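Under my numbering, the first residue of the sequence shown carries the number 5, and numbering increases by one thereafter. Where is the CB? At the ideal position from N, CA and C, for every residue including glycine. Just so you know, these numbers come straight off a predicted model, no measurement behind them. Worksheet for the structure shown next.
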Amino acid sequence: MLDTPETLAACGESFVGCFEADGRLVGAVSYKRVDDGGTLDIHRMMVDPERFRRGIASRLLDAVLSLPGLRHAIVSTGTANTPAVALYERHGFRPVGLVDIAPDVTVTRFSRTF
5 MLDTPETLAA CGESFVGCFE ADGRLVGAVS YKRVDDGGTL DIHRMMVDPE RFRRGIASRL
65 LDAVLSLPGL RHAIVSTGTA NTPAVALYER HGFRPVGLVD IAPDVTVTRF SRTF
């Protein structure tokens with residue numbers, strides 16, 4: 005990632021982190037609420053690679069999907085990112101479109117209604 009603490013602070017996204025008992029940040033999700041707050045637009049899902057397959061992304065996703073007043077949630081991920089696709093589908097998201105971003109590279113858009 006090319007982000008710095010300064011660019012993250014200025015991006016306009018809200019962040020939720022997952023911390024270990026010793027205070028170490030091991031994952032984070034960022035989002036924006038749009039459509040008068042009724043739609044959750046998930047922007048980033050990040051987990052320390054040493055902590056993959058421990059449920060961190062699911063806990064982060066559960067945290068933001070439980071925010072009050074949501075009617076709809078959207079997220080995009082690389083179509084070939086099988087673990088991310090499975091994560092979002094397990095949490096009730098369904099594919100709603102593909103976006104070509106480079107030759108032979110697509111992003112799948114997902115949507116979920118509450």
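(request) Under 8 Å by Cβ, that's how I've got Leu64 and Gly31 pegged, so tell me the actual separation to the nearest angstrom. (result) 6 Å
(request) May I ask whether a heavy atom of the ligand ZN can be found less than 7 Å away from the beta carbon of Arg57? (result) Ligands displayed in this structure: none; no statement on the ligand ZN is therefore possible.
(request) Could you please give me the residues that DSSP links to Cys22 through a beta bridge? (result) Gly31
(message) What ranges does the alpha helix (DSSP H) occupy inside the segment 70-98, keeping only unbroken runs of at least 4 residues that lie completely in it?
(response) 86-94
(request) Starting from Leu12, trace the alpha helix (DSSP H) both ways and give me its first and last residue. (result) 9-13
(request) Let me know the secondary structure DSSP gives Arg58 once reduced to three states. (result) coil
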